[in-house]
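So the sequence shown is numbered by the numbering used here: it starts at 142 and just counts up by one.
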Amino acid sequence: MPHYCYPGCTHPPDSATPQKARSLWIALLLIVGFAIVELGVGLFSHSLALVAESGHMLSDGLFLGLALGAVWMAQLPASNQATFGYRRVEILAALFNGIGLMLVAIWIAWEAVTRLHHPAEEILSGPMLMTAAIGLVMNTINAFLLHQESHSDLNVRGAFLHMVADAVSSVAVIVVAVLVWAFGWHWMDSTISVAVAVLIAAGAVPLIRQSCNILLEKAPDHLDVNQIHQHLLEMAGVVRVEQLRVWSIALGQIALSAQLTVTLAPVEARDRLLVQLRTSLEQEFGIQEVFLQMSAPVLPPMINLNQPENLNAVLTAFDASLGGAER
142 MPHYCYPGCT
152 HPPDSATPQK
162 ARSLWIALLL
172 IVGFAIVELG
182 VGLFSHSLAL
192 VAESGHMLSD
202 GLFLGLALGA
212 VWMAQLPASN
222 QATFGYRRVE
232 ILAALFNGIG
242 LMLVAIWIAW
252 EAVTRLHHPA
262 EEILSGPMLM
272 TAAIGLVMNT
282 INAFLLHQES
292 HSDLNVRGAF
302 LHMVADAVSS
312 VAVIVVAVLV
322 WAFGWHWMDS
332 TISVAVAVLI
342 AAGAVPLIRQ
352 SCNILLEKAP
362 DHLDVNQIHQ
372 HLLEMAGVVR
382 VEQLRVWSIA
392 LGQIALSAQL
402 TVTLAPVEAR
412 DRLLVQLRTS
422 LEQEFGIQEV
432 FLQMSAPVLP
442 PMINLNQPEN
452 LNAVLTAFDA
462 SLGGAER
């Protein structure tokens, strides 16, 4: 059965939370420690690509910390004021992660263009290659740790995209190191940095868009509201659906509210219909939070034909309708 929240209730704990937190902690410790080493090697070897990657990784450490805080806060119980709990904190964290990715991409692109006009006199490809290779292994491990949870949690997905971006940056640095060592193409350092910036921005855009859609309470992309409307009308006893609203509280937690006009009079029949509606909405569309208001059809007022004035009014209206039909 879906979980229905009311003021003062608590949402069931997320069984995956300990795994998410553990994966994020491991990724955070690895990335911050290595970023400091990478920054030192980048400055020593005069490699912008390596310095850019270390800056990116340090910023990732901040955003991983943000993601960890969001995972913890999302498990706080609902209250009289926060009746849905704090699940949307994870959406805010995902949005900040996406914006952070965009800012990092802009910074890398800016530094790369600047370096194209003022290239480094020498790039030490050996330390650069070794550091980037170790970074690639570490970033791949981090991405693997976060991959599974990234499908069902937008907050973790943001952290996962940061790890993927770091892995791509490491590959780019390796390519630059090889080209500098083999051909002396120092300009490739800035050129590939621009390509990395474009890839990072491309990964950030969908994350920002999906986070904004949830915060704006738009219907999930995979659901057709017209189809849900028709599904409700096809239920026995439902004659009208009004004020239909479908939105996401968090990724994978979808809510629906509607006002239904039903022909079922007994309370027991309406209760059975309510259970059927909630069950079918969860099974067919994955909607867990359902809020429905039911009302009977509005009938025309009764007319007492024993009173002469009422009878005369009805006969007059009837004669008028016959006259209109003849014309």
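Glycine is no exception: its CB is placed at the ideal position from the N, C-alpha and C atoms.
(message) Just to confirm the assignment, what range does the alpha helix (DSSP H) spanning serine 334 have?
(response) As a first step, residue 334 must be located in the sequence shown, where it is residue number 193. In the DSSP annotation of this structure, the continuous segment of the alpha helix (DSSP H) that includes serine 334 starts and ends at 328 to 356.
(request) Given a cut-off of 9 Å, decide if valine 403 and valine 380 are closer than it, judged by their beta-carbon atoms. (result) Counting from one through the sequence shown, the residue named residue 380 turns up at place 239. Counting from one through the sequence shown, the residue named residue 403 turns up at place 262. Cβ distance < 9 Å, so valine 380 and valine 403 count as in contact.
(request) Put arginine 413 into one of helix, strand or coil per three-state DSSP. (result) For this step, residue 413 is matched to residue 272 along the sequence shown. The answer is helix: DSSP assigns arginine 413 an H, G or I state.
(message) Check for me: the alpha helix (DSSP H) holding alanine 274 runs from which residue to which?
(response) As a first step, residue 274 must be located in the sequence shown, where it is residue number 133. Alanine 274 -> alpha helix (DSSP H) spans 266 to 291.
(request) Can you say whether alanine 273 is buried or exposed, counting buried as having 16 or more other CB atoms within 10 angstroms of its CB? (result) As a working mapping, residue 273 is identified with position 132 in the sequence shown. Buried is the call here.
(request) From the DSSP output, in three-state form, read off phenylalanine 432 for me. (result) Residue 432 sits at position 291 when you count from the first residue of the sequence shown. Three-state DSSP puts phenylalanine 432 in a strand.
(request) In the DSSP assignment, find the unbroken beta strand (DSSP E) run with glutamate 383 in it and report its ends. (result) Within the sequence shown, the letter at position 242 stands for residue 383. Glutamate 383 -> beta strand (DSSP E) spans 379 to 391.
(message) Using DSSP's beta-bridge definition, name the partner residues of serine 398.
(response) Within the sequence shown, the letter at position 257 stands for residue 398. The beta-bridge partner set that DSSP reports for serine 398 consists of Arg386, Phe432.
(request) Have a look at serine 200 and valine 245 and give me their C-alpha separation to the nearest angstrom. (result) Residue mapping note: residue 200 aligns to position 59 of the sequence shown, counting from 1. Residue mapping note: residue 245 aligns to position 104 of the sequence shown, counting from 1. Just so you know, the alpha carbons of serine 200 and valine 245 end up roughly 8 Å apart.
(request) Taking glutamine 371 as part of the alpha helix (DSSP H), name the residues at either end of that continuous run. (result) Against the sequence shown, residue 371 aligns to sequence position 230. 366 to 374 is the span of the alpha helix (DSSP H), which, as asked, contains glutamine 371.
(request) Evaluate glutamate 231 with the Cβ neighbour count: other Cβ atoms within 10 Å of its Cβ, from every protein chain shown; 16 or more gives buried, anything less gives exposed. (result) If you number the sequence shown from 1, residue 231 lands on position 90. By the neighbour-count rule (16 or more Cβ atoms within 10 Å), glutamate 231 is buried.
(message) For leucine 418 and leucine 302, what's the separation of their Cα atoms in angstroms?
(response) Residue numbering aside, residue 418 sits at position 277 when the sequence shown is read from its first letter. Residue numbering aside, residue 302 sits at position 161 when the sequence shown is read from its first letter. Roughly 38 Å between the two C-alpha positions.
(message) Only counting the same chain, and skipping five residues up and downstream in sequence, which positions put a Cβ closer than 6 Å to that of glycine 393?
(response) Residue 393 sits at position 252 when you count from the first residue of the sequence shown. Within the same chain, glycine 393 has close Cβ partners Ser293.
(request) Kindly identify the DSSP beta-bridge partner or partners of valine 403. (result) The sequence position of residue 403 within the sequence shown is 262, counting from 1. Answer is Val379.
(request) Taking the CB atoms as reference points, tell me whether alanine 336 and methionine 304 lie closer together than 9 Å. (result) For the purposes of this step, residue 336 is identified with residue 195 of the sequence shown, where counting begins at 1. For the purposes of this step, residue 304 is identified with residue 163 of the sequence shown, where counting begins at 1. No. Outside cutoff.
(request) Write down the C-beta distance between leucine 356 and leucine 401 rounded to the nearest angstrom, noting that I regard them as a contact closer than 8 Å. (result) Sequence index remark: in the sequence shown, residue 356 carries index 215 (1-based). Sequence index remark: in the sequence shown, residue 401 carries index 260 (1-based). Not a contact, Cβ separation roughly 28 Å.
(message) Runs of 4 residues minimum, wholly inside the segment 226 to 262: which ones carry the alpha helix (DSSP H) assignment?
(response) As for any alpha helix (DSSP H) of minimum length 4 sitting wholly inside the segment 226 to 262, the runs are 229 to 258, ordered along the chain.
(request) Flag this pair as touching only if the segment 237 to 255 and the segment 343 to 351 have three or more C-beta atom pairs under 8 Å; answer yes or no. (result) Proximity of the segment 237 to 255 to the segment 343 to 351 meets the contact definition, three or more beta-carbon pairs being nearer than 8 Å.
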